[in-house]
Amino acid sequence: MSNTERTAADVMIDIIHQQGVDYIFGLPGGAAIPMFDALVQSPIELVLTRHEQGAAHMADGYARASGKPGVVLVTSGPGATNTITGLLTAHMDSVPIVVICGQQTTGNLGLDTFQEADISGITFPLVKHSYLVKNPQDLPRITKEAFHIASTGRPGPVIIDLPKDVSSSIIDENVDSSFSIPGYNNDPEPNPEDIAQAAAMISRSTKPVFLLGHGAIISGASKEIAEIVKKMQIPVVNTLLGKGIFPETHELHLGMPGMHGSAYANKALINADLIISVGARWDDRIAGNPDKFCPDALKIHIDIDPAEINKSIQVDCAIIGDARKVLDKMYSLLKPADTEKWLKQVARWKRDYPLKYKKEGKLKAQHVIEEMAQLAGPDAIITTDVGQHQMWAAQFCLTEKPNHWISSGGAGTMGFGFPSAIGAALADRSRTVVAVVGDGGFQMTLCELATAFNLKLPIKILLINNNYLGMVRQWQSMFYENRLSGVDLVGNPDFVRLASAYGCKGFRLKRSADVKKVLTAAMEYNDGPCIIDAEVAQQDDVFPMVPAGATLDNMLLEPPKYKLDKPEGST
Amino acid sequence: MKNSQHTISLLVCNRPGALIRIALVFARRGFNIDSLVVSESKDPLYSRMNIVATGDTKTLQLMLNQLNKLIDVVHAKDYSDTDVIQKELALIKVECNDNNRTAILQIADAFKCRNVDISDSTMTFQVTGKSSKIDAVRKMFESYNVLEIVRTGKILMARGDEETA
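Quick mapping for you: the protein sequence lines, in order, are chains A and B.
Under my numbering, the first residue of the first sequence carries the number 1, and numbering increases by one thereafter.
Under my numbering, the first residue of the second sequence carries the number 1001, and numbering increases by one thereafter.
Have a look at this one:
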């Protein structure tokens, strides 16, 4: 094919490569063949997944670990609909992914033709923006626009629905691809008066707390936060997705607040006179009942997305803008207040209410997770699935740096942990990647073992195996008189033999005494992925716990000795 | 919180999908859209949209934020408490006979309705003005049996040299 005869798909793949993208995650089908054909001659590496959901989570993990957009390429109909869980996950957690779906030819649209689905229509509520490309000449512009929208402002997923006749059309490579999006303000200029007001509030506060979220990580505000914490002596809590924005080993760090947060983080929030949220959206896992959330504290909210202001919690001061820029401008306006008494109080809570578990007796998930995090070290990336193991990992993996903790927060997607680890491992092959998963979630996407095996990625899959859908079992046992329903995972495979069936290494871990030995062996195995099947105590519950919809002062530190009412919150 | 009626004006990109994205913002929050008017603006790349919807004020504010967040929406603004030019057009078909035709025409005349169709047993009027005026005309015609009514929904424009959102 001569250079003058290039398809829209060829030009699109070139543009994607120009965006700094090294990998495309996907699975082909008839309507997507022109795109897969264009990949043959491209320097972009195709990662062939076993399921489209895996592809979307891999792109998500890649994006979170690398800071670059993740790209997914799938076919029409079921290929496209299989990415929906991945789209929701990325949408809820503000992750830049671009999903390109093959589509029926334009003349066949709407006729219920083979493998046709109105994927734009299906995904409207799950994406930051979407395109159905009707004219091949528009594709270069749309591609650039899609990457811009996905990765700027508050990032999010963008979908491009690409009919086969459009992708295979011959187009002029020099077609104008400039774009203008007047309805899109990706970098709102923070109002200096708001910054001054917030600075005055912080300077007056004697019991302040920083609440740091994913937005602070996305904006790269680590340095600015560290400087303000140092100058003002403000204790820090972070959300589940804010892990790593401020070192969790720092003495002023109090861990994660909320439903399964540390007691000292929750006590700090309840007793604070000022809460400064940076890129955190007062999620219901933290706020519980929003009307009763820390009524005595003033609240400052820094967020790039104006739609988050006063969405769930009414705040006293809002600054709309990029967190790093806002904090940078705020620094010189801050005058240190007397927080000494407050810091002493906070330190007492931290000493008196530690997160704890026993290292002897039945194998404890917390023990395995904590030991693994220590062996992996601060440079390792930890990804998780969703459930009890996720909360234990959040409690016991102390994250030191941004983008080293990858977990499905907003959507709570089971099956996310392992494929996102594949994406993270590809973002930087020199890093250790540990996927902490449960036996429930892992089985939703374990077919990607083949993908990880082919890529020879030495991912450590730490399987916290209690033969239960543990978090639901915990709820049923605590709030539903232990009437267990649908939580016993009878029929689980032998995961060590499963690993070997995929050509991967399997380790079995049954006894507390073997934790260090087995995990060390797993860390030293670098020929490809390995599964550590940790058969942990079946009935362990996650504590502390704030029942859904309750206030933070209703926190349970240990199993209750009395019957609990059913929680008011939905989940 | 108390429900009330809100008049919202939007400037949006003239592209397929824009309308459904906007409608979804209302649907997700359980807001009922009472009327919706879309038309090309001065620049064919953009459309103007006027939406009248009923719901509580706090939710409306959250929804305006969500609307403004949409890539296709250049801006969205609530004009409920603002003095703007507001018009609506309606066609009203009234049953009539030889005995009451004059009385009906008198009412129509009082409201400056235009008679656009007439038959042995019906008269159809075109009426423009504020939505409240159309409500009033309709009420007056009720006693003569309104056979059909079609309303365009409210459109609005800022007064003077101010540009409408």
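C-beta atoms are modelled at their ideal positions from N, C-alpha and C, and glycine is treated no differently.
Note that this is a predicted model, so its numbers are computed, not measured.
Asked                                                                                                                                                                     : Found
Sorted by chain position, which residues of the same chain lie with C-beta nearer than 6 Å to A/A394's C-beta, five sequence neighbours on each side aside?               : L240 and M256
In chain order, what residues of the same chain lie with their CB nearer than 8 Å to the CB of A/R429, ignoring the 5 residues before and after it?                       : L457
Rounding to the nearest angstrom, what Cα-Cα distance links B/E1163 and B/M1157 in this structure?                                                                        : 8 Å
Suppose only complete runs of 4+ residues qualify. What are the alpha helix (DSSP H) ranges in the region 145-218 of chain A, listed by chain order?                      : 164-167 and 192-204
Confirm, please, whether the CB-CB distance from A/S512 to A/K364 is below 8 Å.                                                                                           : yes
What residues in the region 110-144 of chain A bring their beta carbon closer than 8 Å to a beta carbon of chain B?                                                       : S120, G121, F124, P125, K128, H129, S130 and L132
Which of the three DSSP states, helix, strand or coil, is assigned to A/R141?                                                                                             : helix
Does B/G1030 get closer than 8 Å to chain A when you measure Cβ to Cβ?                                                                                                    : no
Excluding the 5 residues flanking B/V1084 on each side, which residues of the same chain have their C-beta closer than 7 Å to its C-beta?                                 : L1156, M1157, A1158 and R1159
Any idea which residues DSSP pairs B/Q1086 with across the strands?                                                                                                       : B/L1156
Taking the alpha-carbon of A/D161 as reference, which of A/A198, A/G121 and A/Y264 has the nearest alpha-carbon?                                                          : A/G121
I want to know whether the region 157-174 of chain A touches the region 291-308 of chain A - three or more CB-CB distances under 8 Å.                                     : no
What residues in the region 311-332 of chain A bring their beta carbon closer than 9 Å to a beta carbon of chain B?                                                       : K311
Taking the beta strand (DSSP E) that B/R1151 belongs to, which residues open and close that run?                                                                          : V1146 to R1151
Is it the case that the Cβ atoms of A/G279 and A/I302 are separated by a distance below 8 Å?                                                                              : yes
Could you please give the first and the last residue of the uninterrupted alpha helix (DSSP H) stretch that includes A/M372?                                              : A365 to A376
Which class does A/S512 belong to by DSSP, given the choice of helix, strand or coil?                                                                                     : helix
Taking only three categories from DSSP, how would you classify B/E1040?                                                                                                   : strand
Going along chain A, which residues have a C-beta under 7 Å from B/T1013?                                                                                                 : A small correction: the amino acid at residue 1013 of chain B is Cys; Thr does not occupy that position in the sequence shown. In chain order: G183.
Measuring CB atoms only, is the region 439-453 of chain A touching the region 473-484 of chain A, in the sense that at least three cross pairs come out at less than 8 Å? : no
Can you tell me where the beta strand (DSSP E) holding A/K356 begins and where it ends?                                                                                   : Counting along the chain, A/K356 falls outside any beta strand (DSSP E), and DSSP gives it neither H nor E.
How many Å lie between A/R473 and A/D385 at the Cα?                                                                                                                       : 17 Å
Tell me which residue opens and which closes the beta strand (DSSP E) that B/R1048 is part of.                                                                            : Y1046 to D1056
For A/F210, is the classification buried or exposed, using 16 other Cβ atoms within 10 angstroms of its Cβ as the cut-off for buried?                                     : buried
Report all residues from its chain with a CB closer than 6 Å to the CB of A/R281; omit the five preceding and five following residues, and keep chain order.              : E308
Determine the DSSP secondary structure at A/Y562, reduced to helix, strand or coil.                                                                                       : coil
Taking the alpha-carbon of B/V1094 as reference, which of B/V1150, B/R1048 and B/M1063 has the nearest alpha-carbon?                                                      : B/V1150
Identify the continuous alpha helix (DSSP H) that holds A/L327 and give its terminal residues.                                                                            : A323 to Y331
Which stretch, first to last residue, makes up the alpha helix (DSSP H) that contains B/A1026?                                                                            : Correcting the residue type first, residue 1026 of chain B is Phe in the shown sequence and not Ala. Start and end: A1018 to R1028.
Just curious, the beta strand (DSSP E) that B/I1008 is in, first and last residue?                                                                                        : N1003 to C1013
Between the beta-carbon of A/G423 and the beta-carbon of A/Y62, is there less than 8 Å?                                                                                   : yes
Please confirm whether A/P155 has its beta-carbon closer than 8 Å to some beta-carbon of chain B.                                                                         : no
Who are the near neighbours of A/K292 in its chain, counting only those whose CB is closer than 7 Å to its CB and skipping five residues on each side?                    : T551
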